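The next block holds one structure in the form of C-alpha cells; read it before the comments.
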Amino acid sequence: MVSRIAEEETEQQMKEAVERAKLAVLGRPPNPSETVDIVVTFDGTWAKRGFTSNFGVGVVMSADTGEVLDRKVLSKICLECCHRTGAYKGKEDYREWWDKHKEECSEKFYWVKSCYGNRSC
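For the sequence shown, this note's numbering begins at 278 and goes up steadily by one.
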C-alpha cells in the first residue's frame, strides 16, 4: 500500500516538474497541444561497480530547473522467476507459467536470458 502511494506521488511530482520545465523554457504556460523542446541531462548508475550489480537506476533531469522529470529502476533479476525456479521447476505447471511470464519478464528485466537458465538468485 505504501509503495503504491509513493509511486503515485512520485509520478504526480514528475508531471508537475515537466510543466515547470516547459514554463522555464517558454517563459509562459504552454498550450495543451504545444510541443516544447526541453534540454535534459541523463545519469545512471548500478548499485556496485563493474558488472556484478543486480540493480541500477537512471534519472532524467531538466537542465533549466534541475528537477527530476523521469527515472527508471533496472534489475538483472526477476524475483518471480527466482521464486518459481526454486519452488516449481520440473513441475507440470511450471512450463505453462513460464510461457505466460516470459514476455512480461523480457520487457521488465535487463538480463532475461538468465531467468530461465541455471542460476541461483
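The C-beta atom is built at its ideal place from N, Cα and C for all residues, glycine as well.
Source: prediction; values computed, not measured.
- In the DSSP annotation of this structure, S310 is not part of any beta strand (DSSP E), being labelled neither H nor E.
- Listed in chain order, the non-local C-beta contacts of T342 below 6 Å within the same chain comprise R297, A298, A301, local neighbours out to five positions each way being set aside.
- DSSP, read as helix, strand or coil, puts R348 in strand.
- In the structure shown, T287 adopts helical secondary structure according to DSSP, grouped into three states.
- Rounded to the nearest whole angstrom, the CA to CA distance from A283 to L346 is 16 Å.
- W375 has its alpha-carbon roughly 40 Å from the corresponding atom of E344.
- Contact annotation: K349 and V334 have beta-carbon atoms nearer than 8 Å.
- With distances taken between CA atoms, N331 lies nearest to L351 out of R305, D370, L351.
- Proximity to K292 across W323, M338, A324 peaks at M338, based on C-alpha coordinates.
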